[in-house]
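The structure appears right after this line, and notes come after that.
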Amino acid sequence: MQSDYQAYARDLFDKDKVNSKPEALKGIRVLDLSHMIFGPTAAKTLGQYGAEVVKVEVPYQGDYWRSSSYWGKFWKHANPFWQFINHSKYFVAIDVKKKKGKDLILQLAEMSDVVVENFSPGTVDAWGIGYRQIKEVNPKIIYASCSTFGQYGPFRYMPGWDLLAQGASGMLAATGHPETDKYFKVPDFYGDFFPGVYAAMLIMIALNARERTGLGQYLDIAQAEILMRALPHFTYNKATGKELERTGGNDPTMSPSGIFKTADDAFVALAIGSDKQFLGLSQAMKEPGLADDSRFTKAVDRLKPEHAKELNLKITTWIESQSAQALIDLAGEFGFPVAPVMDDLDISVDEWRRERGNVVNFKDEMYGDFVLEASTTLMSGTPSRIKWLTRPLGYHNRYIFKELLGLTEPEIQKLEKERAVGYWDFKVGQRPPVYYDIDNDPLFNYEK
Amino acid sequence: MSRWGDQLSQIMNPDGKAEALDDTLVLDLSFANFSGIITASFFAEAGAEVIKVEPPEGDPARVMTPYGETVEGVGIPFLSEGRNKRHITLDVSQPDDLEKLKKLVIKADVLIESYAPGEMDSLELGYRQLKELNPGLIYISLTPYGQFGSLAEERAGIPWSDLTSQAESGLAALIGDLPDTPEPYNWPTRAGFYAAANATAVEAATAALVALFYKRATGEGQMLDIATADAYASCVGIPPTFGHVWKHSRMRYGTLDYGLCPYGFFKCKDGHVAIACFRDQDFRAALKILGRWDMEENWRSLLDRITDDVSKVKELNDEIEKTVAKFTYDEIFNKFSAYAVKAARSKWKGGGMPVTTRMVSAKEVMDIEHWQARRTFSEVEHPVFGVLTLPTAGKMSETPPRIKWISGQLGEDNDFITKKFGL
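So the protein lines, in turn, are chains A and B.
Residues in the first sequence are numbered consecutively from 137, following this note's numbering.
Residues in the second sequence are numbered consecutively from 1099, following this note's numbering.
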């Protein structure tokens, strides 16, 4: 490595300069009609790169995920995992079932570039805020409908979410130990989050296309299909006639590979991809002859089940004699993939993630200090950023209705009285934290 | 309403439509790294000209394939990601080939690489050299620990793998059976596909498309630095926040769920069926349908079914498991459907909405009429590799992603690219 490269790279991605750099999606407005995880993640991803995201929720009810949490435990009267999905958004609460509410949503759609929704297929259309209706008021709109099975086809009315998409896509059947009855889902709603970012990617493709053609379009984004896109199982099955079974901790595309226990009772993962990596491993093991064994020299031979099994037995014994740190040092020296198995706590206190700004300590005006993932992708020119954490239901009503829609205070109060717009009820996740002085919050009471 | 559903299949028909990115050139120099390869694929599906540049001996990713099974010597994941790509070989230690690469760089919009931090820079092919040739270049580096920082230095020599990325980003620690089950069933476990590579690739491609959008307005390129060892945590966001708020880690939960119970797939007579009850009314509906109203009193409210007490929740889960085992999938599906229709038609909205599905294998998925109607799987023919079946995702009315061809032989498109770009 050139001696000054580190310094060059560090400067290129300097955390202290992020806020003085431009935002790539400044000027793009996203109307986020979605709830739970899949749709909101797509909108958040665009928001972190500078799009203005206006999230519309049902008054006195809100996004159900506000009031849910793991193990029923909340943090400062909020679901801590909701912060990651909805930071830097504007929160308005409008009742689409009231005529005046629907009109407000249509007005917002008229001045937006992107709409994201993830209700059961057919719902937004029935409410009069589907693609058909919105493209009448805004022909350049990019309208993303996110669902489990998609907007057309025989299953189009079947509702679903992460768990069902994992089951229906073949993903669930891929994880666990062979010859057992247990199939493990990929945890933490991977089946919502991965498709959520995927949806943002498709929207970015549409935004790039619109720069060229001026045309908006309709996106039918089915999460089960996105999970299928991540599986080699289909191509494998058609090409070989066989089905890929579950393989526990091993990766059948790498040999040797697996999750092993070290001398100091830690877990590490090891997975060898290239012949050069295998040579490095054999040297680290002080068994250089292994790489000359014709069963192991070439990857296609190492991967054969009987050879992979034999190698894994050797690796198991070798790793049992090494500490985790020694293995990581050897991996760096000899050039083969090894990593510690890290859990929630390890990751939350991990230094290198902080150094990079992947995991950040964010200081928020309402919630104080909080730790969350920012983005794993650092951009030198137009970096992503977190502007604020989430806000109570309807928090930005005044700000958005006055600034964007030009409503007056009496007009807003009339809408409030008619319950076309609204706020939180006392439910956890919707309301401000108890210590927070909402009555004197200038944004909540914007020009009141 | 139903007519709109029918119209949609016409509106979304991809045949003969424009491509979003057919003005974009992507060079994929990634090496032994599927997160780079898949990032490039997303561009290729959207119409970009994607050239995978390999050294003469080829990318080791060519044979990262289940059990070493290949089609004519090329691994199946590599072939699947060969969609709409061009494959060329260049030996950058030779001045002629280096010049050819630079000619391509001058025309490129996006470059993807995955060598150790500083390695490209030392070959004068780093961002700071190439941006002089092409200020609009979007340069993507994918490495385990990124381009700078303590581990980028200390562990610079450790290459990428999907399994190590899963392990280090918090995924493997969460998959596996409960602590009281025998080893290795209670050990950290791998998600049975490239879960980390795909998460990283979609994040990298999204950021690169954001950069491309910015370039259209300003002409400016930039560098993207991605740490693949953060793949899962940065995708789902939960691990660091959980560790910070609760100051401990979650244990592996087997087939249970951290949120509520019952929430999972349960073994029935002829397969596995989803039973997932969000609200009290959904739980009540499931109990009625399964003939287990006797359980209602003990597990009445959501607070009873929250899963922080694992022994308690296992008790509930075991009861549901025993009950589900008595039915076939069709019995449960038909009961659920009939109930859901009745509840939806009722004026009383507290009836719950029981939803279920069957766990299917990849092979079974391809036989399902729904996915056939949506053309989720494409068959493409290659003169050497024969017919391959590949999934695609994301339907777009104006510029749909699609699969046009497969390329995968080493140097398959050397002549085509030499001619096309006058190398």
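Glycine included, each C-beta is placed from N, C-alpha and C at the ideal position.
{"Check": "Cβ-Cβ distance between VAL252/A and CYS282/A below 8 Å", "Outcome": "yes"}
{"Check": "C-beta neighbour in chain A for TYR1361/B, strict 8 Å", "Outcome": "yes"}
{"Check": "Residue burial classification, THR1426/B (beta-carbon count within 10 angstroms, cutoff 16)", "Outcome": "exposed"}
{"Check": "Residue-chain proximity (GLY530/A, chain B), Cβ-Cβ < 8 Å", "Outcome": "no"}
{"Check": "C-beta neighbour in chain B for HIS313/A, strict 8 Å", "Outcome": "yes"}
{"Check": "Spatial neighbours of LEU1196/B in its chain, beta-carbon cut-off 7 Å, leaving aside the 5 residues before and after", "Outcome": "VAL1190"}
{"Check": "Three or more C-beta pairs below 8 Å linking the segment 424-440 of chain A and the segment 474-487 of chain A", "Outcome": "no"}
{"Check": "Cβ shell of MET1099/B (< 8 Å), same chain only, five flanking positions each side left out", "Outcome": "Unreliable placement is indicated for MET1099/B, whose pLDDT of 46 sits below 50; the coordinate value is still reported in the next sentence. Taken in chain order, the list of residues that qualify is empty."}
{"Check": "For LEU415/A, the nearest candidate out of PRO392/A, PHE255/A, VAL232/A (CA to CA)", "Outcome": "PRO392/A"}
{"Check": "Residues bridged to ASN1396/B (per DSSP)", "Outcome": "Answer is none; ASN1396/B lacks a bridge partner."}
{"Check": "Three-way DSSP call (helix, strand, coil) for GLY504/A in this model", "Outcome": "strand"}
{"Check": "Residue range of the unbroken beta strand (DSSP E) whose run includes THR513/A", "Outcome": "513-515"}
{"Check": "Through-space distance from ASN448/A to TRP454/A, alpha-carbon basis", "Outcome": "10 Å"}
{"Check": "Where the alpha helix (DSSP H) containing TYR1361/B begins and where it ends", "Outcome": "Here TYR1361/B belongs to no alpha helix (DSSP H); instead the beta strand (DSSP E) covers 1361-1366."}
{"Check": "Min CB distance HIS1480/B to chain A below 8 Å", "Outcome": "no"}
{"Check": "DSSP three-state assignment for PRO1242/B, whether helix, strand or coil", "Outcome": "coil"}
{"Check": "Interface flag, PRO473/A vs chain B, CB-CB below 8 Å", "Outcome": "yes"}
{"Check": "Range covered by the alpha helix (DSSP H) that runs through MET421/A", "Outcome": "Taken as a continuous stretch (DSSP letters only), MET421/A belongs to no alpha helix (DSSP H), as it is neither H nor E."}
{"Check": "For ILE1387/B and SER1178/B, the rounded distance between their alpha carbons", "Outcome": "43 Å"}
{"Check": "Against chain A: residues of the segment 1196-1227 of chain B by CB proximity under 8 Å", "Outcome": "ALA1214, PRO1215, GLY1216, GLU1217, ASP1219, SER1220, GLY1224, TYR1225, ARG1226"}
{"Check": "Collapsed DSSP secondary structure at ILE1210/B in the structure displayed", "Outcome": "strand"}
{"Check": "Three-state secondary structure assigned by DSSP to SER1459/B", "Outcome": "coil"}
{"Check": "Given 8 Å, three or more beta-carbon pairs between the segment 145-164 of chain A and the segment 185-194 of chain A", "Outcome": "yes"}
{"Check": "Residues sharing a beta bridge with ARG1184/B, DSSP", "Outcome": "ILE1149/B"}
{"Check": "ALA1265/B versus ASP575/A: straight-line alpha-carbon distance, rounded", "Outcome": "46 Å"}
{"Check": "Below-8 Å beta-carbon distance, PHE220/A vs any chain B residue", "Outcome": "yes"}
{"Check": "Nearest candidate by alpha-carbon position, reference ILE1135/B, set TRP1285/B, PRO1154/B, LYS1183/B", "Outcome": "LYS1183/B"}
{"Check": "Amino acids of chain B, ordered along the chain, whose beta-carbon sits closer than 7 Å to that of ASP168/A", "Outcome": "Near ASP168/A there are no residues of chain B at all, since even the closest Cβ is about 16 Å away, more than 7 Å."}
{"Check": "Contacting residues, own chain, Cβ-Cβ under 8 Å from LEU1240/B (five flanking each side not counted)", "Outcome": "SER1128, ASN1131, SER1133, GLY1134, THR1137, ILE1210, GLU1211, SER1212, TRP1258, THR1298, ALA1302, ILE1324, THR1326"}
{"Check": "At least three beta-carbon pairs within less than 8 Å, the segment 193-211 of chain A to the segment 303-312 of chain A", "Outcome": "no"}
{"Check": "Partners in chain B for ALA245/A, counting only beta-carbon separations shorter than 7 Å", "Outcome": "Correct list: empty, because the minimum Cβ distance to chain B is about 17 Å."}
{"Check": "Short-range partners of chain A found in the segment 1277-1296 of chain B, where Cβ spacing is below 8 Å", "Outcome": "PRO1282, TYR1283, TRP1285, PRO1286, THR1287, ARG1288, ALA1289, GLY1290, PHE1291, TYR1292, ALA1293, ASN1296"}
{"Check": "Secondary structure of ALA1118/B, DSSP reduced to three states", "Outcome": "coil"}
{"Check": "CB contact check: MET421/A to chain B, cutoff 8 Å", "Outcome": "no"}
{"Check": "Rounded straight-line distance, which links the Cα of ASP152/A to that of MET137/A", "Outcome": "Because the pLDDT at MET137/A is just 48, under 50, the model does not fix this residue reliably, and the value given afterwards should be weighed accordingly. For MET137/A and ASP152/A, the distance between alpha carbons rounds to 25 Å."}
{"Check": "Amino acids of chain A, ordered along the chain, whose beta-carbon sits closer than 7 Å to that of CYS1366/B", "Outcome": "The premise fails here: CYS1366/B is roughly 11 Å from chain A at the closest Cβ pair, so nothing lies under 7 Å."}
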